[in-house]
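Only one structure is covered here, and it is reproduced in the block below.
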């Protein structure tokens, strides 16, 4: 898979761009893994109520994403289109995190829901324009995989940090989950402004096309453009099913590891998991370059399915086998996280060819909506399913409920990932087809004199 022209984007610009993913992922893991057990076990809120609150907050976030994307597409300022959102989003995110991760006594469900919604809004303000910015850094098929790989490299590094912090903090006498969340808050409050500043300084924003005339949003025209874009439909469907399945499983990990397997230090297991994921990122980039992005993504899903089903066969005391399978699953994490964004950047070029407009912000907002919807379904469904089968996070659980937990954790997500894998294999935008598309768009741009 080669490119006809070498990209001129400096390496420093790509690495500065990807650096922002590190503090974001440092927050993201405790948000997905530790927050529900903390609020259920230490704050006394019910799992069903937490699951419903997470679902509501996600749906509120879904309503924000399209407006953020469309506004960032239209914005013309001396600072660029995407950069102002990184600044504003960082402030909102840090405010929400400081309140959500460090609640006072007598916390209520309304408190949890409100600050979770603020935190999600901060994520949207950063991630939607930032991903669109990444797609605009290069028009080349393989170079976009490189950009996504660097971003995933730092994202996985942040995940390693977010697993090391609990391991270190909880190793201190008398430490609690609240101490872990406080340490993560302090670290992120320091790190996020620094890396955002590095990104703003070193990474250029491509010159925008002339601002389109203000017009009413045409839902029918946009829906027709979406229906004509087969690769975009394919990757969005894969992302929705895949994120639903993985979030469903991730939300149950603490409960499964603690009560079914008997893992004593899950934080240490997660360190191994993300080190494996860290090592896997360049491997998946290599596989995607030698084959194609969608075939590499499908291969990652096959590994994830096999490890999930293997975990279902484990029981009390199988900590070593659990850790080994978790490490293997970590290796395929990079494929499931980095490749969809790179594939969407290519599918966005199909949209440009159809509509004659650059709408990366809007399309990555749709990507964010689908991602958030998948995560909302996964979080809400998993916690409510746990409550339905009679599982209790803070007390004794019957053997039948533990058996149901194993089924929910391993088998249900595997079935969903199998469906996503079959859909991914139908993705049609190969490197050769994308190169023809890139040449077409370059020709149009030259004729337009822009």
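Residue numbers (my numbering): 1 to 450. Ideal placement from N, C-alpha and C gives every residue a C-beta, glycine not left out. All of these numbers come straight from a predicted model, not from anything done at the bench.
If you draw a straight line from the C-alpha of residue i to the C-alpha of residue j, how long is it?
i, j, result
"residue 377", "residue 244", "6 Å"
"residue 65", "residue 336", "22 Å"
"residue 379", "residue 103", "21 Å"
"residue 190", "residue 200", "16 Å"
"residue 227", "residue 70", "19 Å"
"residue 12", "residue 432", "28 Å"
"residue 20", "residue 306", "32 Å"
"residue 116", "residue 123", "11 Å"
"residue 302", "residue 47", "31 Å"
"residue 119", "residue 113", "10 Å"
"residue 1", "residue 134", "Here residue 1 scores only 44 on pLDDT, less than 50, and its place in the model is too uncertain to base an answer on."
"residue 354", "residue 442", "14 Å"
"residue 274", "residue 248", "19 Å"
"residue 127", "residue 369", "11 Å"
"residue 347", "residue 279", "27 Å"
"residue 61", "residue 414", "27 Å"
"residue 425", "residue 291", "12 Å"
"residue 285", "residue 87", "30 Å"
"residue 9", "residue 97", "34 Å"
"residue 382", "residue 76", "42 Å"
"residue 311", "residue 322", "7 Å"
"residue 5", "residue 137", "Because the pLDDT of residue 5 is 46, which lies under 50, any placement of that residue in the model is unreliable, and the question is left without a value."
"residue 371", "residue 402", "29 Å"
"residue 26", "residue 157", "8 Å"
Excluding sequence positions up to five away, which residues of its chain have a Cβ less than 7 Å from the Cβ of residue i?
i, result
"residue 15", "150"
"residue 351", "225, 229, 232, 359 and 363"
"residue 177", "34, 38 and 42"
"residue 152", "281, 334, 337 and 338"
What residues in its chain sit with their C-beta under 8 Å from that of residue i, if we drop five residues either side in the sequence?
i, result
"residue 241", "374, 416, 417, 419, 420 and 423"
"residue 271", "160, 163, 164 and 167"
"residue 258", "266"
"residue 3", "For residue 3, the predicted model reports a pLDDT of 47, less than 50, meaning its position is unreliable and no value from the coordinates is stated."
"residue 428", "230, 231 and 234"
"residue 45", "39, 107, 109 and 112"
"residue 169", "175, 179, 180 and 183"
"residue 388", "none"
Among residues of its own chain, excluding the 5 on either side of residue i, which ones have a beta-carbon nearer than 6 Å to its beta-carbon?
i, result
"residue 101", "181 and 185"
"residue 90", "192 and 196"
"residue 384", "48 and 51"
"residue 145", "285, 288 and 342"
"residue 94", "189"
"residue 328", "307"
Start and end of the alpha helix (DSSP H) containing residue i?
i, result
"residue 261", "Counting along the chain, residue 261 falls outside any alpha helix (DSSP H), and DSSP gives it neither H nor E."
"residue 385", "360-388"
"residue 174", "From DSSP, residue 174 is part of no alpha helix (DSSP H); its letter is neither H nor E."
"residue 63", "47-74"
"residue 325", "319-331"
"residue 407", "Segment: none, residue 407 is in no alpha helix (DSSP H) and carries neither H nor E."
"residue 12", "11-19"
"residue 37", "35-41"
Assuming residue i and residue j form a contact by the criterion Cβ under 8 Å, report the distance between their Cβ atoms to the nearest whole angstrom.
i, j, result
"residue 277", "residue 333", "4 Å"
"residue 78", "residue 205", "Not a contact, Cβ separation roughly 11 Å."
"residue 239", "residue 367", "7 Å"
"residue 147", "residue 17", "7 Å"
"residue 23", "residue 68", "Residue 23 to residue 68, Cβ: 19 Å. No contact."
"residue 263", "residue 319", "6 Å"
Within 9 Å (strictly less), CB to CB, does residue i reach chain D?
i, result
"residue 197", "This model lacks chain D altogether, as it is built from one protein chain only."
Subject >> Complete runs of the alpha helix (DSSP H) confined to the stretch 224-292 [at least 4 residues] >> reply: 230-255 and 266-290
**OP:** Pick out the complete alpha helix (DSSP H) segments inside the stretch 97-183, 4 residues or longer, and give them in chain order.
**Re:** 109-136 and 141-169
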